[in-house]
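Participant:
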């Protein structure tokens, strides 16, 4: 027995079945960000008045760089998922909503890529 | 047909938000703010990768009054979103839905966010002095 209404059947506009992945990815990145953000915030705080060379070596050490790249991936993915929900809740116009989500995704992808390239460059001493 | 005397459900503009509702919208607000604020992180990493001159000018801006004000708001938003996010994970697991529990966890979230913000700034000033 189907619980879908005849109208729903006719329109074929049911759930895209992608909600679970979105929800789960938001939680996985959230859990990853708990230790990563605390670690990074205190690391930056401790380095705040250090000279260039000290900061460069500290951020660029292999484990630091690996953790920062992980932080960047998790944080920007988490941000993109979160912003999508905000747009979906508040933007009624479909075209504006799609443009906002797509634009934000592209921008966040660019920012994440830029941040990762910076960290890799610092780590490799380029 | 229409009558002006019909009861209205409480609208946002005449309804005193309970603390839990206030924190709920602040969670969303800090999330959007942190997304926007991620530019600061990218800029700082880019400056560090760009060499000593770029890094020192970024550092001097961050050390200015405006820079510190931005960083202070940034750090509190981060720790609030972190603490309230952990509360959301407990809710997702099915715990803490009773009214008094929500009231209590609201204060725990605010206290944790405040303390972490305080600690990170104490760390910044105490470790920075010797360097």
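Chains as they are written, first to last, in this note's numbering: chain Y, 3 to 128; chain E, 32 to 162. Ideal Cβ positions, reconstructed from N, Cα and C, are used throughout, including at glycine.
(1) Quick one: does residue 104 (chain Y) have its CB under 8 Å from some CB of chain E?
(2) Any Cβ of chain Y within less than 8 Å of the Cβ of residue 104 (chain E)?
(3) Hey, would you say residue 148 (chain E) sits closer than 8 Å to residue 96 (chain E), going by beta carbons?
(4) Which of the three DSSP states, helix, strand or coil, is assigned to residue 7 (chain Y)?
(5) Quick check: the Cα distance between residue 105 (chain Y) and residue 100 (chain E), rounded to an integer number of angstroms?
(6) Report the three-state DSSP secondary structure of residue 115 (chain E) (helix, strand or coil).
(7) Label residue 37 (chain E) either buried or exposed according to how many other C-beta atoms from any shown protein chain fall within 10 Å of its C-beta, with 16 as the threshold for buried.
(8) Output needed for residue 23 (chain Y): all residues of its chain with C-beta closer than 7 Å, excluding positions within five of it in sequence on either side, in chain order.
(9) Which of the three DSSP states is assigned to residue 128 (chain E) in this structure?
(10) Since residue 69 (chain Y) and residue 41 (chain Y) should fall inside the 8 Å C-beta cutoff, what is the C-beta to C-beta distance between them, to a whole number of angstroms?
(11) Relative to the C-alpha of residue 139 (chain E), which residue among E:129, E:58 and E:118 is closest?
(12) Rounded to whole angstroms, what's the CA-CA distance from residue 43 (chain E) to residue 53 (chain E)? Just pull it up for me.
(13) How about residue 1 (chain Y) and residue 117 (chain Y): do their beta carbons lie closer than 8 Å?
(14) Looking only at its own chain, which residues have a Cβ that is under 7 Å from the Cβ of residue 121 (chain E), when we skip the five neighbours before and after it?
(15) Looking at the C-beta of residue 54 (chain Y), does it have a partner C-beta in chain E at a distance below 8 Å?
(16) For residue 83 (chain Y) and residue 45 (chain Y), I'd like the C-alpha separation in whole angstroms.
(17) Taking Cβ to Cβ, would you say residue 67 (chain Y) is nearer than 8 Å to residue 121 (chain Y)?
(18) Against chain Y, which members of the segment 73 to 105 of chain E pass a CB distance test of less than 7 Å?
(19) Under 8 Å by Cβ, that's how I've got residue 57 (chain E) and residue 111 (chain E) pegged, so tell me the actual separation to the nearest angstrom.
(20) So, does the CB of residue 162 (chain E) fall closer than 8 Å to a CB anywhere in chain Y?
(21) Would you report the Cα separation of residue 124 (chain E) and residue 92 (chain Y), rounded to the nearest angstrom?
(22) To test your reading of the DSSP string, which unbroken alpha helix (DSSP H) runs of 4 or more residues are found completely within the segment 46 to 87 of chain E?
(23) Given a cut-off of 8 Å on the beta-carbon distance, is the pair residue 79 (chain Y) and residue 31 (chain Y) in contact?
(24) Nearest-angstrom Cα distance between residue 134 (chain E) and residue 48 (chain E)?
(25) Do residue 89 (chain E) and residue 74 (chain E) count as a contact pair if the criterion is CB distance below 8 Å?
Facilitator: In brief:
(1) no
(2) no
(3) no
(4) In the three-state reduction of the DSSP assignment, residue 7 (chain Y) falls in the coil class, being assigned neither a helical nor a strand state.
(5) 29 Å
(6) helix
(7) exposed
(8) none
(9) coil
(10) 7 Å
(11) Closest option to residue 139 (chain E), Cα to Cα, is E:118.
(12) The alpha-carbon atoms of residue 43 (chain E) and residue 53 (chain E) are separated by roughly 11 Å.
(13) No answer is possible for residue 1 (chain Y): it lies beyond the span of chain Y, which begins at 3 and ends at 128.
(14) Answer for residue 121 (chain E): 127, listed in chain order.
(15) yes
(16) 26 Å
(17) yes
(18) 73, 76, 77, 79, 80, 83, 86 and 87
(19) 7 Å
(20) Interpretation of residue 162 (chain E) is limited by its pLDDT of 42, a score under 50 that renders its predicted location unreliable; the figure taken from the coordinates is listed afterwards. Residue 162 (chain E) counts as touching chain Y.
(21) Whole-angstrom Cα-Cα distance: 27 Å.
(22) Qualifying alpha helix (DSSP H) stretches, in chain order: 50 to 80.
(23) yes
(24) 13 Å
(25) Taking 8 Å as the Cβ cut-off, residue 74 (chain E) and residue 89 (chain E) qualify as a contacting pair.
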